[in-house]
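Residue numbers (this note's numbering): 145 to 486.
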Amino acid sequence: MPRPRTAQDASEPALGAVEVAAPSDAPAGVQLVWPGKFDEAGRRRRPQTRAGRVELVRTIGQAGGNRLVHGDFRAALASVPGASVDFIYVDPPFRTDRDHFLRAGRDGGGGRQTAYGDRWDETQYLNFLDDLVALCRPVLRETGSMAVHVDYRASAHARCLLDEHFGAERFINELIWKYGLGNATASRHFLRKHDCIAVYGRSSGYYFRRQRGEVTPAQSRKYCHEDERGRYMMSYGKRYDFKGGKPLESVLDIPALAATDAQRCGYPTQKPLRLLEVLIESLCPKGGTVMDPCCGSGTTAVAAQRSGRTWIAIDESDAAIELATGRLEGERDCAFVLERAC
């Protein structure tokens, strides 16, 4: 195991690596350590970018800032200005140790094509997550935030890395997405029916707008009066106006997409639009910019488009970019540039 990095090492970046300044609010003495994080001299590895350029492939309508970039995030992020993004959502590979296939047709029939490979050793995967968090953080505005969506395989690692790069005091929420469908045959453990979404702010002044869910039967019974001002209740002679459904909690009970759902586009790990709409409307101001560096079939971009936000979506998979392009072209008044990072 490489020795821990010393204060002297901190001033000596690894040769040939891209320098990324450590956040001033990062916790001292608390780090996730893995084989390969430090070199033989004990120096911390730096996020590795890929030299190259981003070139225009084609323009769809009057783009207005929306970008779909085909390529590795390490190269694509070099073209994103610092402090220009309001909210980053990332749904990275989960290290499932298998390949994921694109299925033709909403019913899963019609053959399959590889969407992406998800086979990593521990060092490769942790280096990947570390690069992802480290390179995304500088493009956030001071009022911005980042959400990392993983499952039980990497939730602990992601929290440690986010603490390290953002600072533990920048933690906002650990959201539990309770999806309900799938994984119903386990006999040696409780059924695994949720993912974890860790949310961190760039600063203490991060943007947040509270969202409300549907009106519950109890609320309907309580706020049983209505006049020209709307619904209300009376308690000890005082009027209380109805403000909407119950504020959303950290457990988001949003069903996963069924095999026959109209949203289905054939991408194997496609997330429901409702989940992304909740996150975007809560953490990105109207007219702000949303970025997804592992965009898959483009659900984040579609949700951002429908919510009135500008978006940047990145993926290196040919299948993902093809699907995302088709979905976005089908959205009303959706204009964007398709680019390639090379």
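Every residue, glycine too, gets a C-beta built ideally from N, C-alpha and C.
Treat the numbers as computed from the prediction; the structure is a model and nothing was measured.
Where does residue i sit, in a helix, a strand or coil, going by DSSP?
i       : result
Arg-281 : helix
Pro-361 : helix
Asp-348 : The question names Asp, but residue 348 is Ser in the sequence shown. It is coil, neither helix nor strand.
Leu-176 : coil
Ile-424 : helix
Lys-366 : helix
Ala-328 : coil
Tyr-269 : helix
Asp-262 : strand
Glu-286 : strand
His-244 : strand
Met-145 : Because the pLDDT of Met-145 is 40, which lies under 50, any placement of that residue in the model is unreliable, and the number read from its coordinates should be weighed accordingly. Three-state DSSP puts Met-145 in coil, outside helix and strand.
Ala-342 : strand
Ser-379 : strand
Gly-470 : helix
Cys-297 : Looking at the sequence itself, residue 297 is Arg, so the reference to Cys does not match. In the structure shown, Arg-297 sits in coil (DSSP, three-state: anything other than H, G, I, E or B).
Val-256 : The residue you asked about is not Val; residue 256 is Arg in the sequence shown. Note: Arg-256 maps to strand in three-state DSSP.
Asp-371 : strand
Asp-477 : coil
Asp-274 : helix
Phe-310 : helix
Should residue i be labelled buried (16 or more other beta-carbon atoms within 10 Å of its own) or exposed?
i       : result
Arg-292 : It should be noted that the sequence gives Val, not Arg, for residue 292. By the neighbour-count rule (16 or more Cβ atoms within 10 Å), Val-292 is buried.
Ala-151 : A caution first: Ala-151 carries a pLDDT of 38, below 50, which makes its placement in the model too unreliable to give a value.
Glu-318 : exposed
His-369 : exposed
Cys-478 : buried
Tyr-260 : buried
Gln-206 : exposed
Arg-211 : buried
Ser-289 : buried
Thr-469 : buried
Pro-391 : exposed
Asp-251 : In this predicted model, Asp-251 has a pLDDT of only 43, less than 50, meaning its place in the structure is not dependable enough to derive any value.
Gln-257 : exposed
Thr-267 : exposed
Ala-185 : exposed
Glu-308 : buried
Asp-459 : buried
Going by DSSP, what residues sit across from residue i in a beta bridge?
i       : result
Val-234 : Val-292
Ala-457 : Leu-212, Asp-436
Ser-451 : According to DSSP, Ser-451 bridges with nothing at all.
Pro-391 : Arg-356
Glu-484 : Correcting the residue type first, residue 484 is Arg in the shown sequence and not Glu. Looking at the DSSP assignment, Arg-484 forms a beta bridge with Glu-199, His-214.
Lys-415 : Bridge partners of Lys-415: none, in fact.
Asp-397 : Lys-322
Phe-315 : Tyr-344
Asp-462 : Its beta-bridge partners do not exist; DSSP assigns none.
Asp-405 : BP columns for Asp-405 are empty, so no partner.
For the candidate residues the options, whose alpha-carbon lies nearest to that of residue i?
i       : options                            : result
His-333 : Ala-485, Arg-187, Tyr-296, Asp-183 : Tyr-296
Lys-382 : Leu-396, Thr-203, Tyr-367, Leu-392 : Tyr-367
Arg-453 : Gly-474, Ala-468, Ile-465, Leu-423 : Leu-423
Arg-281 : Glu-475, Val-481, Asp-436          : Asp-436
Gly-474 : Asp-459, Ser-461, Ala-463, Thr-443 : Thr-443
Thr-404 : Arg-476, Leu-325, Val-277          : Leu-325
Leu-284 : Asn-271, Ser-299, Phe-310, Phe-245 : Phe-310
Ala-219 : Pro-225, Val-198, Arg-202, Gly-208 : Val-198
Ile-398 : Asp-339, Ser-347, Val-343, Ile-456 : Asp-339
Ala-362 : Tyr-380, Ile-341, Gly-388          : Gly-388
Arg-239 : Ala-298, Ala-330, Lys-322, Leu-246 : Ala-298
Asp-235 : Pro-179, Trp-321, Thr-203          : Trp-321
Ser-228 : Pro-429, Asp-459, Val-174, Glu-483 : Pro-429
Phe-217 : Ala-406, Asp-274, Leu-306          : Asp-274
Cys-438 : Thr-413, Gly-432, Phe-182          : Thr-413
Arg-476 : Ser-451, His-301, Gly-432          : Ser-451
Arg-194 : Ser-223, Gly-209, Arg-188          : Ser-223
Closer than 7 Å to a non-hydrogen atom of the ligand GTP - does that hold for the CB of residue i?
i       : result
Glu-308 : With respect to the ligand GTP, the structure offers nothing, as it holds no ligand at all.
Could you tell me which whole alpha helix (DSSP H) segments of length 4 or greater appear in the stretch 181-233?
217-220
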